[in-house]
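Asks: Have a look at this one before I ask anything.
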Amino acid sequence: MHSRYLLSFAPKNPQPGLHQIRVRLKDASDATVLARSSYWAEGSN
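Under the working numbering, residues 1 to 45 are what the sequence shown spells out, in order.
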């Protein structure tokens, strides 16, 4: 069986620059997670 999920993330108080992010699954040893390891936040204008 194949299942796909799409997650989004929006920080409450974003700081400009590159930030690390990690996506993990709890109790899902047979699953594979494909996710980026960082994201870029723009400064407020």
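Every residue gets a Cβ at the ideal spot worked out from N, C-alpha and C, and that includes glycine. Only a predicted model underlies this, so the values are computations on that prediction, with no experimental measurement involved.
Cutting at 8 Å between CB atoms, please list the residues of its own chain near SER37, excluding the five before and the five after it.
Replies: GLN20, ILE21, ARG22
Asks: Return helix, strand or coil for GLY43, following the three-state DSSP convention.
Replies: coil
Asks: Where does LEU18 sit, in a helix, a strand or coil, going by DSSP?
Replies: LEU18 falls in the strand class under three-state DSSP.
Asks: What did DSSP end up calling SER38 once you bin it into helix, strand or coil?
Replies: strand
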